[in-house]
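A short worksheet on the structure shown next.
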Amino acid sequence: MIESIRCPNCGAIAERHHLSYLAQVKTQCEACDYLLVMCTRSGHVLESYAPGLPSEPRPKPISIRFTPLAQQPQSNNSRRDVATLSA
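Here it is as structure tokens:
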């Protein structure tokens, strides 16, 4: 019996073969070349191969320098203050 599963290594669609005549379960993935062969009687791993996955380069953080805003003189006219800030 063959069933489709997700690869435990890369997450792509993989195949799990239940080989009852050999008392084995074989899981293989074509996308990342993952292989696992286990004995169904003892649970021992008979053969395995799991290559590492290539990692994506992570973007470097952008450095930001905060500078204080220039102090505006205080006034009682709020319209003029808004106009000064938006200009």
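Sequential numbering of the sequence shown, starting at -18, is according to this note's numbering. Where is the CB? At the ideal position from N, CA and C, for every residue including glycine.
Self-check item: Closest by C-alpha distance to K7, when choosing among N(-10), V26 and G33
Solution: Of the residues N(-10), V26 and G33, the one whose Cα lies closest to the Cα of K7 is V26.
Exercise. Note down, in chain order, each residue of its chain lying with its Cβ closer than 6 Å to the Cβ of L16, except the 5 sequence neighbours on either side.
Key: Closer than 6 Å at the Cβ level, and outside the excluded window around L16, lie Q9 and Y30.
Quiz item: Roughly how far, in whole angstroms, is the beta-carbon of Q5 from the beta-carbon of M19, given that I think they are within contact range, below 8 Å?
Solution: Rounded to whole angstroms, the Cβ separation of Q5 and M19 is 7 Å, and the two are in contact under 8 Å.
Quiz item: Smallest Cα separation from P(-11): which of G24, E28, D14 and R22?
Solution: Ranking the options by Cα distance to P(-11), first place goes to D14.
Quiz item: Rounded C-beta distance between E(-16) and R(-3)? I'm assuming under 8 Å.
Solution: Yes, E(-16) and R(-3) are in contact; Cβ-Cβ is about 5 Å, under 8 Å.
Quiz item: Under the rule that 16 or more other beta-carbon atoms within 10 Å means buried, what is A(-5), buried or exposed?
Solution: Looking at its Cβ environment, which holds 16 or more other Cβ atoms inside 10 Å, A(-5) is buried.
Quiz item: Ordered along the chain, which non-local residues of its own chain (more than five positions away) have a Cβ less than 6 Å from that of E32?
Solution: The sequence shown places Pro at residue 32, rather than the Glu named in the question. Closer than 6 Å at the Cβ level, and outside the excluded window around P32, lie D14.
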